[in-house]
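A.B. asks: Using numbering that gives the first Met the number 0, count along the sequence shown one by one with no gaps and you end on 92.
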Amino acid sequence: MELSISLTGDSAKYIQIYEEIRQSILARRLLGHEQLPSKRALARTLDVSVHTVKEAYEQLLVEGYVYSKERSGYLLLPLNLTGYKRNSSMRLL
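1. In this structure, how does DSSP classify Tyr66 when only helix, strand and coil are distinguished?
2. Use the C-beta contact count for Pro77: other C-beta atoms within 10 angstroms, 16 or more gives buried, fewer gives exposed.
3. If distances are taken between C-alpha atoms only, which option among Ser5, Ser10, Gln15 and Thr7 comes closest to Tyr56?
4. Roughly how many angstroms lie between the CA atoms of Ile4 and Val61, to the nearest whole one?
5. In three-state DSSP terms, what is Leu75?
6. According to the Cβ coordinates, are Leu75 and Ile24 closer than 8 Å?
7. Contact defined as beta carbons within less than 8 Å: I believe Lys53 pairs with Lys38. What is the distance between those atoms, to the nearest angstrom?
8. Glu33 lies in the alpha helix (DSSP H); which residues open and close that run?
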């Protein structure tokens, strides 16, 4: 999985990470059931804390873009998953 995330905006880093991943999902650059990088690996790549990445991943989880699987991390839900509602108007944690 190739994630292109640049932290250059004025908003909090976790929001920038969340928004970049969300946009990649909506643009179908990331596909259903693909595994996101581990929190530690992404934190190391972006030079942020693991907590920052965890907050971004948790927001994606709350909004229904990803699911977590024990010992496997975070995986993307397919965009066309029937019976599953996404609420894009949810506010950030």
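All C-beta atoms, glycine included, are put in the ideal place defined by N, C-alpha and C.
Treat the numbers as computed from the prediction; the structure is a model and nothing was measured.
C.D. replies: The short version:
1. In this structure, Tyr66 counts as strand in the three-state DSSP scheme.
2. Exposed, by the Cβ-count rule.
3. For Tyr56, the closest of Ser5, Ser10, Gln15 and Thr7 by C-alpha to C-alpha distance is Gln15.
4. Rounded to whole angstroms, Ile4 to Val61 spans 21 Å at the Cα level.
5. Strand, per DSSP.
6. Going by C-beta atoms, Leu75 is nearer than 8 Å to Ile24.
7. The Cβ separation is near 5 Å, so the contact holds.
8. Per DSSP, Glu33 belongs to no alpha helix (DSSP H) and is neither H nor E.
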